[in-house]
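Mapping of the first sequence onto the working numbering: position 226 corresponds to residue 226, and the numbering continues sequentially without gaps. Working notes for the structure below.
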Amino acid sequence: MSIQKPKGTQDLLPGEIEKWQYIESKARELCLRFNYREIRTPIFEHTELFKRGVGETTDIVEKEMYTFLDKGDRSISLRPEGTAGVVRSYVENKLYGEPDISKLYYIGPMFRYEQPQAGRYRQFHQFGIEAFGSVDPGLDAEVIALGFTFYKELGLKDVTVEINSVGNPAVREVYREHVQRFFAPVKDQLCKDCQSRYDRNPMRILDCKIDQKYCEGAPTILEHLDEECSAHFQAVQDHLQAMDIPFRINPRLVRGLDYYTHTAFEYKAAGIGAIDTIGGGGRYNGLVGQVGGSDQPGVGLGLGIERILLVLQAQGIDIPAAKPLDVYVIGLGDAAEKECVRLLQSLRLAGLAAEKDYLGRKIKAKMKSADRYHATYVAILGDDELARGEITVKTMATGEQETLPLSSFVQTLQSRIRS
RNA sequence: GCGGUCGUGGCGAAGUGGCUAACGCAUCGGAUUGUGGCUCCGACAUUCGAGGGUUCAAUUCCCUUCGAUCGCCCCA
């Protein structure tokens, strides 16, 4: 067997790639309206950045990173998510020194070493945004609104927004103890996964599908928020309501990255097998400081492109198809063939999508080829027509044919296609 | 990291321990010597993911491996 693509990666071929281009152009256009500007950071970074940024004890850093030593013995990792790199760049380029807050977006591949399944790949793609420099809860709401609007304008149906507050580190520490105390009496009866969650991340027990019966009456983090956290959370909700963004409060929502403070949110939709989260994000007020910058607050989101595609497919939503070919040029005879080469270039310079045959096929096969390309027109030039200074043009949709003067042929087609 | 299912031409798909590996789609050629979409005729897998084993004989049975797919953990 010849070499195959690495597990969990995919080739995006013509026919499929148009969907990606559409989604990406939609993202750029939306960011323009929300006043976010693109940033491109390296696909690999020093491993240390992700350890500090994403969190040493997260699954992502503990077992999912593509890490290697480069020839200078530096530990390098392929980025498993987008925020850490953007934060690093924000700090390194001193964007915090600019008069306005920084509103940035990115689109690109992320890498995690995991077992692939429906909606999960080792190389996957995210569209994400990050906004630095403000603690205004209105900015949290704007970020949530941008994601929701994106899904909506792409045509996704039944996308739900779930929000929660994960408080600040002090609140979370107190809450964590409450949860452990709550589950302590039944710890031995919890499922295997939850027994390990008990020490690592007790909040996750609340999300367990098996142990729901033990979760009844469990304390929620919302009950433990301090005054500042409560006020922030309430203000985010007020802003969302003002923007008519529907949302549901999910007090059990916990995200897998350590850096979140205050607002955490997820977008969910059915149709990707066992997975229902299609995007998520939150506020991260301590992260910039942890990465080594002046302690600027931030809030952001990341949306999975593959997951959007899967939901679109499940919901039977079509994405605008590629443009058909304008003209297919057929030359018959040596002199005509040569003239066609000139015509083809003229058509292309005139802004039309044009093609010819390169397989030396007969006219019948060339016509079939033109048909496969969904050509609007087929231009046929034989030696006799060339001698008369004419060219035959067939409109494929109707089958009608006409004879046009060769001298003005390119201009004629150009004006027809444009109108 | 763990578990289920699967792996036959470009694609979809039947099949069996032995006789030329069905069929459909697509493609190419012809009927139609300068014209597509319909119809008819013809062509198209020294080979059944890879490697090894059992056997007189393996695409079929066994082992290993790679991959796909779905699920668990976790996540986009």
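Just so you know, even glycine gets a beta-carbon here, dropped at the ideal spot from N, CA and C. Predicted, not measured: the structure shown is a model, and the values here were computed from it.
- Residue state for Gln212 is assigned as helix, using DSSP reduced to three classes.
- At the C-beta level, Gly282 and Ala264 come within 8 angstroms of one another.
- Taking a contact to require three or more Cβ pairs closer than 8 angstroms, the region 397 to 412 and the region 353 to 362 do not qualify as touching.
- Residue burial is scored here from C-beta neighbours: Arg79 has at least 16 other C-beta atoms within 10 angstroms and is therefore classed as buried.
- When DSSP reads this structure, Asn164 sits in a beta bridge with Ala264.
- Assignment of Tyr36 by DSSP, reduced to helix, strand and coil, places it in the coil class.
- Judged by beta-carbon spacing, Ala336 lies within the 8 angstroms limit of Leu381, meaning their Cβ atoms are closer than that value.
- For Thr47, the number of other beta carbons within 10 angstroms of its own is at least 16, and it is reported as buried.
- Secondary structure of Met367 (DSSP, three-state): helix.
- Secondary-structure assignment with DSSP links Ser415 through no beta bridge to anything.
- The three-state secondary structure of Lys356, taken from DSSP, is strand.
- Pairing Leu104 with Ile39 gives a Cβ-Cβ distance under 8 angstroms.
- Here Gln10 carries a coil assignment [DSSP, helix/strand/coil].
- Taking the Cβ atoms as the reference, Val288 lies roughly 18 angstroms from Pro137, outside the contact range of under 8 angstroms.
- In the structure shown, His374 falls within a coil segment according to DSSP collapsed to helix, strand and coil.
- Across the structure, Gly298 and Tyr106 are spaced so that their CA atoms are roughly 15 angstroms apart.
- For Val393, the closest alpha carbon among the candidates Ser407, Asp383, Ala387, Leu413 is that of Leu413.
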